[in-house]
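J.:
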Amino acid sequence: QASLGLALMAVCCGVSQLTGPAAGRWSDRHRSRFGRRRPCLVMAMGAVWVLTSFLSVCSEMKLSFAFIGAFLMQQFAWNCMQTVQAGLVPDVIAADQRSAAGGMSAANTLGGAFLALMGVRFLGGVGVQAHYAMTVSVGMMCCVLVCLAANETPTNNIETKANEVYDPLSFLRHIKSCYEFDPARHPQFAKLLLSKTLYCSSVMVKGFLLFFIQDTFKLKDGHKEQAIVGDTAVAAEAVAAFAAVAAMALLDVASAELATGSTTKKRSEDDPQETSPLPGVSDVSPDGEPYVDPNSATSVGAVRARMFTLFGSFWMCVMWIGPLLVGLGVLRDSEAMVRANVAVDRQALSDAWSPYMVLGTAVWGIGQGVYLAGDQALSYALLPDPEEASRLLGLTSICAAAGAVFGGSVTGLLLYTLGGSGKEPSALHPEPLLLGVGPTAPGYAYPGYAGMFLLASALSGASCLVLRTVRTPAELCGERARIAGP
Numbered sequence: 001q002a003s004l005g006l007a008l009m010a011v012c013c014g015v016s017q018l019t020g021p022a023a024g025r026w027s028d029r030h031r032s033r034f035g036r037r038r039p040c041l042v043m044a045m046g047a048v049w050v051l052t053s054f055l056s057v058c059s060e061m062k063l064s065f066a067f068i069g070a071f072l073m074q075q076f077a078w079n080c081m082q083t084v085q086a087g088l089v090p091d092v093i094a095a096d097q098r099s100a101a102g103g104m105s106a107a108n109t110l111g112g113a114f115l116a117l118m119g120v121r122f123l124g125g126v127g128v129q130a131h132y133a134m135t136v137s138v139g140m141m142c143c144v145l146v147c148l149a150a151n152e153t154p155t156n157n158i159e160t161k162a163n164e165v166y167d168p169l170s171f172l173r174h175i176k177s178c179y180e181f182d183p184a185r186h187p188q189f190a191k192l193l194l195s196k197t198l199y200c201s202s203v204m205v206k207g208f209l210l211f212f213i214q215d216t217f218k219l220k221d222g223h224k225e226q227a228i229v230g231d232t233a234v235a236a237e238a239v240a241a242f243a244a245v246a247a248m249a250l251l252d253v254a255s256a257e258l259a260t261g262s263t264t265k266k267r268s269e270d271d272p273q274e275t276s277p278l279p280g281v282s283d284v285s286p287d288g289e290p291y292v293d294p295n296s297a298t299s300v301g302a303v304r305a306r307m308f309t310l311f312g313s314f315w316m317c318v319m320w321i322g323p324l325l326v327g328l329g330v331l332r333d334s335e336a337m338v339r340a341n342v343a344v345d346r347q348a349l350s351d352a353w354s355p356y357m358v359l360g361t362a363v364w365g366i367g368q369g370v371y372l373a374g375d376q377a378l379s380y381a382l383l384p385d386p387e388e389a390s391r392l393l394g395l396t397s398i399c400a401a402a403g404a405v406f407g408g409s410v411t412g413l414l415l416y417t418l419g420g421s422g423k424e425p426s427a428l429h430p431e432p433l434l435l436g437v438g439p440t441a442p443g444y445a446y447p448g449y450a451g452m453f454l455l456a457s458a459l460s461g462a463s464c465l466v467l468r469t470v471r472t473p474a475e476l477c478g479e480r481a482r483i484a485g486p
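Mapping to this note's numbering: the sequence shown position 486 is 486, numbers consecutive.
Written out as structure tokens, the structure reads:
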């Protein structure tokens with residue numbers, strides 16, 4: 001029943017992503033003397049604390065169904081926190097520094113994933129209750145630091161719009177409007193969301209990594225297979241985190257070099273307002289896209305962020321071929337042993353090829369880190385309305401959910417249809433191991449995994465092609481200037 005439980009938890013994670021825009025609307029309209037983000041963060045963190053404590057009780061008492069229900073609610077709370085903190089960046093960070101802030105957000109996310117993997121790897125034996133305690137402690141510490149560092153403007157004196165009368169449950173009565181978005185009015189942001197969906201679809205392949213290693217190396221020791229999976233995951237996340245930090249540094253350099261020269265153009269004499277509230281933005285076109293000073297730090301940061309997303313998606317497109325080549329090499333060597341009438345030494349094959357597997361995923365992590373840093377920075381640059389930052393950025397959680405459903409289902413279908421010929425009778429594996437690893441490997445054939453990794457490569461390539469069509473505000477301004485002529 002372990003696989004069923006894991007599947008239910010994955011479904012809970014996917015369903016919880018759907019709350020992003022609603023949680024964002026709740027935060028955007030919150031009125032408090034402490035600002036609109038920090039109170040929502042504290043409430044969400046309180047919910048996480050209560051629900052995680054309940055999860056600990058359910059684990060101790062073996063309450064399976066109660067655990068799944070509490071886990072779903074906990075994921076709702078975590079996603080509320082994620083959406084709210086995403087909207088905090090445009091509120092408190094100057095426009096010419098948001099590119100670097102986006103890169104830092106990606107670096108923090110990947111760094112947290114890396115530290116979590118390291119914690120599981122080296123502290124796995126301390127007991128599940130200790131892991132619950134560490135989760136809550138780290139979350140509360142980060143929440144306190146954010147609340148102390150963020151210098152939000154009080155919102156309790158801001159007059160609400162007539163159609164946005166606020167109360168704590170307003171987002172429930174206006175649930176449909178939380179998910180409304182007009183791609184025709186904001187085509188660049190819509191393309192960015194599409195590229196995000198394709199990226200999320202491609203990385204679902206990582207969820208089948210254990211199956212791939214089991215069927216490729218066919219070791220009799222499930223713990224060794226899990227060690228290979230752990231090494232590849234840690235290597236990928238570590239390199240991705242460092243790549244995101246490097247991308248953040250480059251984005252910060254771009255902002256620092258031009259921040260002193262960033263200017264705000266005058267509006268036309270007919271407009272009673274003289275300047276735009278955002279550095280580098282001089283006006284807004286009828287289609288909703290801003291006119292921007294192409295030499296401002298904001299503009300240069302957005303262009304560089306787009307370059308990073310293009311590089312990262314293309315890099316992942318190419319490097320998804322790495323595991324495919326490892327599998328092909330193991331298959332070739334094992335067949336050579338069979339032809340030579342030599343017993344296939346699975347441990348020797350693992351020793352020879354698993355380092356290439358770890359190295360390949362680590363190199364792939366460069367693309368992931370650079371892509372995520374650029375994607376986060378570009379999200380802030382293309383944000384249609386800063387007043388609805390949390391809701392609009394919360395739409396990315398819908399992309400994550402849609403990408404997970406599409407990528408997971410198509411990957412499983414490819415593995416089943418193309419790799420089904422490699423299924424081996426269970427009689428050949430009389431020694432079941434814990435959690436279905438080792439000799440009880442799923443037994444899918446190499447063509448199924450080849451199709452899986454080629455799908456991931458194609459999805460990353462499609463994301464790159466979509467990103468090529470994205471235009472930053474500065475690029476749109478330049479195109480309009482060329483069309484208008486001298």
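We put the CB at the ideal spot given by N, CA and C, even for glycine.
Rounding to the nearest angstrom, what Cα-Cα distance links V463 and S313 in this structure?
T.: In the sequence under discussion, the amino acid at residue 463 is Ser, which differs from the Val named in the question. Distance between the alpha carbons of S463 and S313 is about 7 Å.
J.: Is Y199 helix, strand or coil by DSSP?
T.: helix
J.: Within 10 angstroms of the Cβ of D351, are there 16 or more other Cβ atoms? Answer buried if so, exposed if not.
T.: exposed
J.: Who are the near neighbours of G448 in its chain, counting only those whose CB is closer than 8 Å to its CB and skipping five residues on each side?
T.: L414, L415, Y416, T417, L418, G419, G420 and G422
J.: Would you decide whether R185 is buried or exposed? Buried here means 16 or more other CB atoms lie within 10 Å of its CB.
T.: It counts as exposed.
J.: Return yes when the Cβ of A100 is within less than 7 Å of the Cβ of M337, no when it is not.
T.: no
J.: Count the other C-beta atoms from every protein chain shown that fall within 10 angstroms of the C-beta of A348, then say buried if there are 16 or more, exposed otherwise.
T.: exposed
J.: Hey, how far is the Cα of A77 from the Cα of F211?
T.: 31 Å
J.: Could you compute how far the alpha carbon of G111 sits from the alpha carbon of A340?
T.: 47 Å
J.: Ignore the nearest five residues each way along the sequence and tell me which others in G288's own chain have a CB closer than 7 Å to its CB.
T.: Confidence at G288 is low in this model, with a pLDDT of 48, below 50, so the placement of that residue is unreliable and no value is reported for it.
J.: Output yes if chain D places a C-beta closer than 7 Å to the C-beta of L209; else output no.
T.: Checking the listed chains, one finds no chain D in this structure; it contains a single protein chain.
J.: Quick test of the definition: if touching needs 3 or more C-beta pairs under 8 Å, does the stretch 43-54 touch the stretch 128-143?
T.: yes
J.: Just to confirm, is the Cβ distance from F490 to C12 under 7 Å?
T.: Outside the displayed range of the chain (1 to 486) lies residue 490, so it cannot be described from this structure.
J.: How far does the alpha helix (DSSP H) with F208 in it reach, from first residue to last?
T.: Unbroken run through F208: none, as it is neither H nor E.
J.: Could you give the DSSP three-state label for K557: helix, strand or coil?
T.: Because the chain here runs from 1 to 486, residue 557 falls outside it and cannot be looked at.
J.: Would L467 be called buried (16 or more neighbouring beta carbons within 10 Å of its own) or exposed?
T.: buried
J.: For the alpha helix (DSSP H) containing Y444, list its first residue and its last residue.
T.: No alpha helix (DSSP H) holds Y444; DSSP gives it neither H nor E.
J.: Name the residue from P323, S201, G35 and L372 whose alpha carbon lies nearest to the alpha carbon of E237.
T.: Selected option, being the one with the closest Cα: L372.
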